[in-house]
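Undergrad: Got a structure for you, questions after.
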Ligand SMILES: [Fe+2]
Ligand SMILES: [Fe+2]
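Numbering (UniProt numbering), first residue to last: 1 to 135.
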């Protein structure tokens with residue numbers, strides 16, 4: 001089962017970032033399945049941890065490249081990434097402390113955020129980075 005499906009329209013044209021977005025989609029679906037199938041709490045926690053770590057890695061990677069090429073939309077990207085960083089860190093901390101019962105709404109929030117960010121913000125860097133030789 002998938003709570004989010006990769007679609008061609010999500011592609012930004014920067015292959016390495018598209019691969020990372022696909023991996024985030026996979027990790028969200030993994031977490032979804034863990035919750036849905038009521039897998040052991042440790043399994044769900046690990047899946048969430050992996051998603052959190054991978055998301056940090058991806059944001060850092062995007063921001064590094066943006067700074068290197070002085071991407072004009074950097075401030076907006078950084079602002080959105082920082083806000084999501086603090087949200088997922090809070091969620092992770094709550095789960096670590098054993099707060100439960102926020103499974104599906106949490107997943108829906110992650111999915112909405114991701115899709116909106118890729119479609120409305122990440123997609124804008126496609127042609128910029130392609131012109132710099134990425135594709
Ligand atoms: Fe991204
Ligand atoms: Fe981004």
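Glycine included, every Cβ here is placed at the ideal spot set by N, Cα and C.
Going by C-alpha to C-alpha distance, which of 91, 127, 38 sits closest to residue 51?
TA: Taking the first residue of the chain shown as position 1, residue 51 is located at position 51. Residue 91 is the option with its Cα nearest to residue 51.
Undergrad: Please classify residue 131: is it buried, with 16 or more other beta-carbons within 10 angstroms of its beta-carbon, or exposed?
TA: Taking the first residue of the chain shown as 1, we reach residue 131 at position 131. Within 10 angstroms of the beta-carbon of residue 131 lie fewer than 16 other beta-carbons, which makes it exposed.
Undergrad: Mind listing, in chain order, the continuous alpha helix (DSSP H) runs of no fewer than 4 residues lying wholly within the stretch 50 to 108?
TA: 74 to 96
Undergrad: Taking its Cβ as the centre, do 16 or more other Cβ atoms sit within 10 Å of residue 77, making it buried, or is it exposed?
TA: One-based indexing of the chain shown puts residue 77 at position 77. By the neighbour-count rule (16 or more Cβ atoms within 10 Å), residue 77 is buried.
Undergrad: Can residue 62 and residue 10 be called in contact, C-beta distance under 9 angstroms?
TA: For this step, residue 62 is matched to residue 62 along the chain shown. For this step, residue 10 is matched to residue 10 along the chain shown. No. Outside cutoff.
Undergrad: For ligand 2, is there a heavy atom less than 8 angstroms away from the beta-carbon of residue 38?
TA: Walking along the chain shown from the start, residue 38 turns up at place 38. No, ligand 2 has no heavy atom inside 8 angstroms of this Cβ.
Undergrad: List in chain order the residues whose CB is within less than 7 angstroms of at least one heavy atom of ligand 2.
TA: 59, 62, 77, 80, 81, 117, 121, 122
Undergrad: Is residue 29 buried or exposed, if buried means 16 or more other CB atoms sit within 10 Å of its CB?
TA: Counting from 1 along the chain shown, the entry for residue 29 is found at position 29. Residue 29 sits buried, since 16 or more C-beta atoms from the chains shown fall within 10 Å of its C-beta.
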